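Asker:
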Amino acid sequence: MMKDTINFFSKMKDYFLKVDLNESYSPTSQIEITEGFWTLVEIIIKDHQNLKKSIVETSAKIDKQNRELFSIQKQLNIIKIFEISKLNDGWIGDDSKKIDSKIINIANDIVLSPKLRSQPEVFPTRRGTISMEFQPSEDKFIKVEIFVDKFEFYSEIDNVENEETISNLEILIDKINEFYSR
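FYI, in this note's numbering the residues of the sequence shown are 7 to 188.
Listed below in structure tokens is the structure:
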């Protein structure tokens with residue numbers, strides 16, 4: 007195919023050089039060039055269709071792998087939250103507190119939310135809360151601390167920090183997803 011393409015372009019160049027110089031060029035050569043042109047167009051279209059099909063197939067495979075990885079991360083987070091629920095007062099020192107069951111349930115709701123685009127890293131805190139960290143890219147970082155009645159939302163984008171209190175789970179998830187869209 008490459009040899010045919012090179013041959014075709016060589017004939018095209020010769021033809022246009024002769025046309026520019028007002029030299030005669032046989033009708034047979036013009037027909038060969040026209041046929042070669044349409045053959046090349048057919049090859050390009052066929053290659054484009056094959057490439058398009060290949061891209062779609064590869065994209066589907068990547069999407070499936072991402073869903074499987076997301077599912078594994080989700081399962082690991084559920085296990086981690088379950089293990090965190092077993093912690094008692096003093097789990098990491100005298101001042102560390104047991105995590106309230108309401109906080110455990112909220113953490114599970116976040117991890118299990120079908121709207122959540124990415125799974126976080128999950129950590130217990132000394133003060134009896136759960137911290138979730140998301141890092142969409144090297145220059146973006148999100149930390150959410152889960153309390154019984156609120157979420158402390160901390161974000162950093164391009165070294166610009168922002169802190170706010172959020173009281174609604176749906177708003178929190180939308181805010182997290184927003185960072186993955188930027």
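By construction, the Cβ of each residue, glycine as well, lies at the ideal position given by its N, Cα and C atoms.
Remember, it's a predicted structure, so these values are computed and weren't measured experimentally.
Measure from the alpha carbon of Phe129 to the alpha carbon of each residue in Arg123, Asn165, Lys104, Pro120, then state which is nearest.
Answerer: Phe129 has its Cα closest to that of Lys104, out of Arg123, Asn165, Lys104, Pro120.
Asker: Sorted by chain position, which residues of the same chain lie with C-beta nearer than 6 Å to Leu178's C-beta, five sequence neighbours on each side aside?
Answerer: Phe157, Ile172.
Asker: Output yes or no for whether 8 Å exceeds the beta carbon distance between Ile163 and Lys149.
Answerer: Not a contact, by the Cβ cut-off of 8 Å.
Asker: Please say whether Ile110 and Ile84 have beta carbons closer to each other than 8 Å?
Answerer: Going by C-beta atoms, Ile84 is not nearer than 8 Å to Ile110.
Asker: Given a threshold of 16 other Cβ atoms within 10 Å of its Cβ, counted over all protein chains shown, does Glu151 qualify as buried or as exposed?
Answerer: Buried is the call here.
Asker: Write down the C-beta distance between Glu170 and Phe159 rounded to the nearest angstrom, noting that I regard them as a contact closer than 8 Å.
Answerer: The pair is a contact, with the Cβ atoms about 5 Å apart (cut-off 8 Å).
Asker: If you draw a straight line from the C-alpha of Tyr31 to the C-alpha of Ser187, how long is it?
Answerer: Its pLDDT being 49, under 50, Tyr31 is placed unreliably by the model, and the measurement read from it follows with that caveat. Each residue's alpha carbon lies about 59 Å from the other.
Asker: Using beta-carbon positions only, say whether Gln141 and Lys80 come within less than 8 Å of one another.
Answerer: Their beta carbons are not under 8 Å apart, which means Gln141 does not touch Lys80 by this criterion.
Asker: With respect to the beta strand (DSSP E) encompassing Asn168, which residues constitute its N-terminal and C-terminal limits?
Answerer: Taken as a continuous stretch (DSSP letters only), the beta strand (DSSP E) holding Asn168 covers 166 to 172.
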